[in-house]
Structures are given as structure tokens and as C-alpha cells.
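Single-structure report; data block below.
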Amino acid sequence: MTFQKITIPVIAIALLAGAPAAFAGETPAPDGAKVYFINLKDGDTVKGPVSIQFGLAGMGVAPAGTEKEKTGHHHLVIDEAIEGEELNEPIPSDEHHKHFGGGQTETTIELAPGSHTLQLVLGDWSHIPHNPPVMSEKITITVE
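Going by the numbering used here, the first residue of the sequence shown is number 10, and it counts up by one from there.
The following block contains the structure:
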């Protein structure tokens, strides 16, 4: 057996064993936990400003910074996605990622007329998605 035939599989296994998982943060989410939109559904046409109500089942809401089991706080993702390695990092705070770290369960936002995607993601005390991630389906709405 040549050096190359042995070395490549050993290196590949070593790299995979040390690679961080791309599933979510370290805070566990209970089985069956889900977050959802209460007053909006995929395909809705709405007038601005857009009122959005957040639903949560199987967990409780706690403000950011509160480290309590089976709790989190809402994040609204607008025209963007959180996936891959981003699930291991704090959710950014910008025009595409709205934080509700005070424990809010609804908001009213201004969106430009046209089509927009919305998704809810529950973050732990430090804004990192739970493991497994508690995320709504991504919906598309049209703002008139």
C-alpha cells in the first residue's frame, strides 16, 4: 500500500472529526417546539405598515440575556435566510434580521411595496438559534 492511499483517508477522517457541526447552537430545544406566524400565511397580500404576530408552541418567551431552559426570543428574518454555519452564530441585527430581545410577540414594520419573504427564528439568551433550530416556514407576502 502506498503512502498516498493511507494518508488521504486518514486526513479526511481527522478533518471531519474535528469539523464543527452546522446544525445549530448549543442550547437545546425540546422536541416538537415550533414558531409560526399567527396572522399571516404564505401568499397573503397586505397593506403597509405590516402587522405581524408571532406564535410559539412547546417553549416559552424570555428576554435576551435570560438563560432559562426551554425559552428563547423571536427574530424576524426579512428577504434573507439563516442557514449552514450561521445557525451556530448570533443572529445579526440589521435591516434583514429584526431582534425582539425584550420578549415581544408582535410588531408592525414598514416594507416597500412588492414581494417579501418572512421567517421567524427563535434565538437563545445570546441570540444563537437553538439545537435543533426552532424556525418557521419561510412565507412570501406581497405588500401593496
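Backbone N, C-alpha and C fix where the C-beta goes; we use that ideal spot for every residue, glycine too.
Is there a Cβ from chain B that is less than 8 Å from the Cβ of residue i?
| i | result |
| --- | --- |
| Leu96 | In the displayed structure, chain B is absent; only one protein chain is listed. |
Give me, in chain order, the residues of the same chain whose beta-carbon lies closer than 6 Å to that of residue i; leave out the 5 immediate sequence neighbours on both sides.
| i | result |
| --- | --- |
| Ile148 | Asp51 and Leu127 |
| Ser60 | Thr117 |
| Met144 | Val130 |
| Glu146 | none |
Note down, in chain order, each residue of its chain lying with its Cβ closer than 8 Å to the Cβ of residue i, except the 5 sequence neighbours on either side.
| i | result |
| --- | --- |
| Val55 | Leu49, Ile150, Thr151, Val152 and Glu153 |
Quick one: Cα of residue i to Cα of residue j, how far?
| i | j | result |
| --- | --- | --- |
| Gln113 | His83 | 7 Å |
| Ala31 | Glu94 | Any answer about Ala31 is weak, because its pLDDT of 41 lies below 50 and its placement is not dependable; what the coordinates show is given next. Ala31 and Glu94: Cα-Cα distance of roughly 5 Å. |
| Ile87 | Thr80 | 23 Å |
| Phe63 | Leu129 | 8 Å |
| Ala66 | Glu35 | 20 Å |
| Lys77 | Pro58 | 34 Å |
| Gly111 | Gly132 | 12 Å |
| Ile47 | Pro39 | 21 Å |
| Asn140 | Lys43 | 12 Å |
Measure the beta-carbon distance from residue i to residue j and round it to whole angstroms, keeping in mind my assumption that it falls under 8 Å.
| i | j | result |
| --- | --- | --- |
| Glu89 | His106 | 7 Å |
Identify, in the order they occur along the chain, each residue of the same chain with its Cβ nearer than 7 Å to the Cβ of residue i, setting aside the five sequence neighbours on each side.
| i | result |
| --- | --- |
| Ser135 | Pro99 |
Since residue i sits in a beta bridge, which residues does DSSP pair it with?
| i | result |
| --- | --- |
| Glu115 | Gln62 |
| Val70 | Gly81 |
| His105 | None; His105 has no bridge partner. |
| Thr126 | Thr149 |
query = Does the segment 69–79 touch the segment 92–103, meaning 3 or more C-beta pairs lie closer than 8 Å?
reply = no
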